[in-house]
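Chemist: Residue numbers (this note's numbering): 1 to 326.
Note that CB positions come from ideal geometry on N, CA and C, so glycine has one too.
Handing you this structure, nothing more for now.
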Amino acid sequence: MSDIVARARALADDLLFPGATAVDSDGAVPDAVLDSLAAAGLYGLTGPVSHGGLGADARTVHAVTEALAGGDLSSTFIFLQHLTVPAMVAGSPLAEAYLADLCAGRVRSGIALLAATRPEPVAITARRDGDAFVLDGGVPWVTGWDHVDVVLVAARTPDDVCHFLLVDAETGPTLEVIPQQLVAVQASSTVELRLHDHRVPADRLVRSVPLADWQAADPGNLRTNGSLALGVAARCARLAELPGLDADLAAVRSRLDAAGPAELPGARAAAAALAHRATGLLAVAVGSRSVSRGHPAERLAREAHFLLVFGSRPAIRTALLAELGG
């Protein structure tokens with residue numbers, strides 16, 4: 001899979017990083033950037049080869065995510081949400097209808113999974129009504145709204161079963177979005193999603209999972225987000241020409257790769273703390289230019305701040321407070 005990682009690194013260095021300042025300033029990721037990721041086959045990274053995907057293993061997914069995050073975090077943030085969906089759709093009743101297009105990037109997707117990842121209060125509820133599921137509730141973070149065709153929405157029933165449904169990314173009387181104002185990755189088109197009596201055809205059901213089963217597996221799903229922080233830290237190391245950071249990066253990466261579910265919160269905290277420290281070192285190395293709006297050091301510092309809280313869990317927060325507090 002080394003050629004896939006090499007493709008991602010080339011895109012990060014030749015396309016994403018050179019354009020990141022403009023993306024951040026404009027507050028929008030150009031469609032052409034995401035088209036380039038699709039043309040490189042990266043939208044199929046987690047999809048099966050049988051449907052045009054790359055069938056990449058976990059380490060390759062992590063390496064690609066890290067490489068792209070060191071180019072432009074907004075673009076990577078949009079792309080990363082998509083990777084969940086081909087993996088979930090594979091083997092489901094929707095595979096033949098959607099999987100090839102998802103892998104090719106002809107259909108692009110976001111996720112709204114809070115009803116599965118946060119036990120209470122229930123973010124989005126589901127009830128069956130004839131040939132449809134009716135959804136009510138909302139989630140504060142859905143990324144890539146202006147760039148996705150469908151959103152994988154988790155919704156829960158009173159008996160704590162999570163239904164994962166492909167919902168069309170179209171606003172209307174029963175589906176509303178409110179743009180979020182973020183300190184970083186504003187260009188990621190992240191919105192609050194609100195649903196009220198929103199009907200989704202039952203044939204858009206990807207799968208149903210008891211909440212307890214999803215919660216038991218959730219700690220093992222935390223690794224990939226750590227690659228975002230590693231990508232930011234690695235870009236800082238290159239810009240500041242601080243080779244000492246390379247050893248720290250290797251150590252944190254190894255810790256993430258070796259961590260089991262119990263160790264992952266601490267490893268994720270170490271990655272976020274490293275990105276935070278790396279941006280500080282870059283600012284000092286660059287000097288006064290680092291506080292000029294639009295300088296890469298300024299943008300990377302805001303991104304590291306964002307990653308201190310993105311995709312967190314209580315155990316990560318506790319570990320990170322201890323890491324930063326010394």
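Is it right to say A229 is buried, meaning 16 or more other beta carbons lie within 10 angstroms of its own, or is it exposed?
Modeler: Burial call: buried.
Chemist: Based on Cα-Cα distance, which residue from A28, G91, L15, A270 lies nearest to D146?
Modeler: Selected option, being the one with the closest Cα: A28.
Chemist: Comparing alpha-carbon positions, which option in R317, L83, A8 lies nearest S109?
Modeler: The shortest Cα separation from S109 among R317, L83, A8 belongs to L83.
Chemist: Please tell me whether M88 and L135 are closer than 8 Å, where the distance is taken between their beta carbons.
Modeler: Taking 8 Å as the Cβ cut-off, M88 and L135 do not qualify as a contacting pair.
Chemist: Measuring alpha carbon to alpha carbon, tell me which of A259, A301, L211, S75 ends up nearest H276.
Modeler: Per the Cα distances, A301.
Chemist: Can you name, in chain order, every residue of its own chain whose Cβ lies under 6 Å from the Cβ of G52, other than the five neighbours on each side?
Modeler: Here the set comprises G44, A100, C103, A104.
Chemist: Below 8 Å between beta carbons: does that hold for R204 and L175?
Modeler: No, they are not a contact pair.
Chemist: Whole alpha helix (DSSP H) runs in the region 210 to 277 with 4 or more residues, listed along the chain?
Modeler: Runs found: 211 to 217, 223 to 240, 244 to 258.
Chemist: Whose C-beta lies closer than 6 Å to the C-beta of R194 among residues of the same chain, with five residues either side of it excluded?
Modeler: Only G138, E176 meet the Cβ criterion.
Chemist: If A251 sits next to L245, beta carbons under 8 Å apart, how far is it from one beta carbon to the other, in whole angstroms?
Modeler: About 10 Å; that fails the 8 Å criterion.
Chemist: Just curious, the beta strand (DSSP E) that S109 is in, first and last residue?
Modeler: Taken as a continuous stretch (DSSP letters only), the beta strand (DSSP E) holding S109 covers 109 to 112.
Chemist: Using the DSSP secondary-structure output, state which residues sit across from C162 in a beta bridge.
Modeler: Paired residue(s): R156, V209.
Chemist: Assess contact between the region 255 to 264 and the region 220 to 234, defined as three or more Cβ pairs (one per stretch) separated by less than 8 Å. Is contact present?
Modeler: Yes: the two stretches touch, three or more of their Cβ pairs being nearer than 8 Å.
Chemist: Whole angstroms is fine: what's the gap from P48's alpha carbon to G55's?
Modeler: If I take the Cα positions, the gap works out to 5 Å.
Chemist: Going by DSSP, name the residue or residues bridged to G172.
Modeler: Paired residue(s): L175.
Chemist: Return yes when the Cβ of L68 is within less than 8 Å of the Cβ of L11, no when it is not.
Modeler: For L11 and L68, yes; Cβs fall inside 8 Å.
Chemist: Return the CA-CA distance between A270 and H163, expressed in angstroms with no decimal places.
Modeler: Cα to Cα, A270 sits roughly 33 Å from H163.
Chemist: Are S188 and I111 close, meaning C-beta to C-beta below 8 Å?
Modeler: No. Outside cutoff.
Chemist: Taking 8 Å as the limit between beta carbons, can you name the residues of its chain near D149, skipping five residues before and five after?
Modeler: Contacts found: V107, R108, S109, D168, A169.
Chemist: Can you tell me the Cα-Cα spacing of L282 and A155, whole angstroms?
Modeler: The alpha-carbon atoms of L282 and A155 are separated by roughly 43 Å.
Chemist: Please go through the region 51 to 95 and give each complete alpha helix (DSSP H) segment of 4 or more residues, from N-terminal end onward.
Modeler: Runs found: 58 to 69, 73 to 89.
Chemist: Thinking C-alpha only, which one of H305, D218, T279, A39 is nearest A184?
Modeler: Of the candidates H305, D218, T279, A39, the one whose C-alpha sits nearest the C-alpha of A184 is H305.
Chemist: In the structure shown, what three-state DSSP assignment does E120 receive?
Modeler: Residue state, collapsed to three classes: coil.
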